[in-house]
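Take a look at the structure below.
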Amino acid sequence: MVLELTRTYFPEGTNGILKCEGKVVCKTIELPWKNNVRRVSCIPEGKYFIKKRYSTKFGWHMEIIGVENRTLILLHPANNALKELNGCIAPVTKLSGPGLGLLSRKAFNRLKDIIYKSLDQNESVELIVKS
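So the sequence shown is numbered by the UniProt record's numbering: it starts at 1 and just counts up by one.
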């Protein structure tokens, strides 16, 4: 399965539209682009893979693999990139401003169901990030 994230960059945050096979799954929020600096920047554009991950903080969620000079880049719920993200990507139902969104948990659960279904069938899940 291939997911395609198309971004729009703003000084206060990065907004995106995440599609699967041409259909919009959700919107996304991220930190602004700051040259891939850990904990303050969104990740670089490129191709990555997604895997399942569990933590006590987020429960079952997803991790983006293969980000240069970065680890633990996750897909998890958040509604305010600057306050809740350290380089991760948060699915949201609706964008409400640069790096801001609404109803993140709803969008996250929908995205997780789609990704986990593919992973449970031993399919790879690729994420293409572009502007």
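Where is the CB? At the ideal position from N, CA and C, for every residue including glycine.
Between valine 40 and lysine 47, the CB-CB gap reaches or exceeds 7 Å.
The beta-carbon distance between isoleucine 89 and leucine 103, rounded to whole angstroms, is 16 Å. This is too long to meet the 8 Å contact definition. DSSP places glutamate 30 inside the beta strand (DSSP E), whose first and last residues are 23 to 30. Counting along the chain, no beta strand (DSSP E) covers leucine 82; the unbroken alpha helix (DSSP H) around it starts and ends at 81 to 84.
Of Lys51, Gly87, Met1 and Gly99, the smallest CA-CA separation from isoleucine 17 is found for Gly99. Uninterrupted alpha helix (DSSP H) stretches at least 4 residues long and entirely within the stretch 53 to 126 occur at 81 to 84 and 104 to 120, given in chain order. In the structure shown, cysteine 42 adopts coil according to DSSP, grouped into three states.
When DSSP states are grouped into helix, strand and coil, glutamate 12 belongs to the coil group. Glutamate 126 and glycine 66 have their C-alpha atoms spaced approximately 11 Å apart. Asparagine 109 and lysine 57 have their C-alpha atoms roughly 16 Å apart.
Closest in alpha carbon position to leucine 85, among Ser131, Leu31, Val24 and Val2, is Leu31. Counting the other CB atoms within 10 Å of its CB gives valine 24 a total below 16, which places it among the exposed residues. Here DSSP, grouped into helix, strand and coil, assigns valine 37 to coil.
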